[in-house]
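For reference, the structure discussed in these notes is given below.
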Amino acid sequence: MSRRDPLAEPLEVTQFVAEVGTRIRLMRLARGMSQADLAARSDISRQTLIGIESGLLSTRFADVAKLLWALDDSALQHSLASAAQDPAYQDAVRAHLPRFRRRRTPSEVQP
772 MSRRDPLAEP
782 LEVTQFVAEV
792 GTRIRLMRLA
802 RGMSQADLAA
812 RSDISRQTLI
822 GIESGLLSTR
832 FADVAKLLWA
842 LDDSALQHSL
852 ASAAQDPAYQ
862 DAVRAHLPRF
872 RRRRTPSEVQ
882 P
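Counting from 772, one number per residue, gives the positions in the sequence shown under our numbering.
Here's what the structure looks like:
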């Protein structure tokens with residue numbers, strides 16, 4: 772992973788990424804898991820996990836989501852996935868803004 776200059780990002784973004792990394796680290800430790808164990812369970816590399824736990828700004832969101840599911844952190848999963856509760860999201864839906872379609876898995880494609 773390449774490092775991004777933290778000074779080029781708003782302070783709030785840098786702090787948020789660091790807080791998420793710290794929370795993941797604490798949850799891992801509370802569950803008695805090593806970095807290697809959690810990385811394997813999440814299907815990411817140990818180096819990626821180290822970067823996330825240290826607040827690396829170039830972290831992929833998908834990797835963070837994999838970690839949250841592997842740690843079974845339902846509270847954080849819910850807060851990140853509850854866009855439907857957000858008034859701005861609801862306004863966008865009412866305004867008929869374009870939405871992305873979810874890709875179908877091969878098992879969902881009908882012959």
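Think of the CB as a built atom: it goes at the ideal place given N, C-alpha and C, for glycine as much as any other residue.
Review point. Taking C-alpha atoms, which residue in Ala859, Gln861, Ala841 lies nearest to Arg812?
Key: Restricting attention to Ala859, Gln861, Ala841, the CA atom closest to the CA of Arg812 is found in Ala841.
Check your understanding: To the nearest whole angstrom, what separates the beta carbons of Thr785 and Leu839, a pair I think is in contact under 8 Å?
Key -> About 20 Å separates the CB atoms of Thr785 and Leu839; that is not less than 8 Å, and the two are not in contact.
**Study point:** Status (buried if at least 16 other CB within 10 Å, exposed otherwise) for Thr819
**Key:** Flag for Thr819 reads buried.
Exercise for review: Identify which residue in Gln861, Ala810, Asp862 has its Cα closest to the Cα of Lys837.
Suggested key: Nearest option by C-alpha distance: Ala810.
**Study point:** Residue range of the alpha helix (DSSP H) that includes Thr785
**Key:** The continuous alpha helix (DSSP H) containing Thr785 extends over residues 782 to 801.
Exercise for review: For my contact list, Ala807 and Arg817 are in at a C-beta cut-off of 8 Å; report their separation, rounded to the angstrom.
Suggested key: In this structure Ala807 is in contact with Arg817, their Cβ atoms being roughly 6 Å apart against a cut-off of 8 Å.
Check your understanding: When you compare only the Cα positions, how much space is there between Met772 and Pro781?
Key -> Any reading at Met772 is ruled out, since the residue's pLDDT is 46, under 50, leaving its predicted position unreliable.
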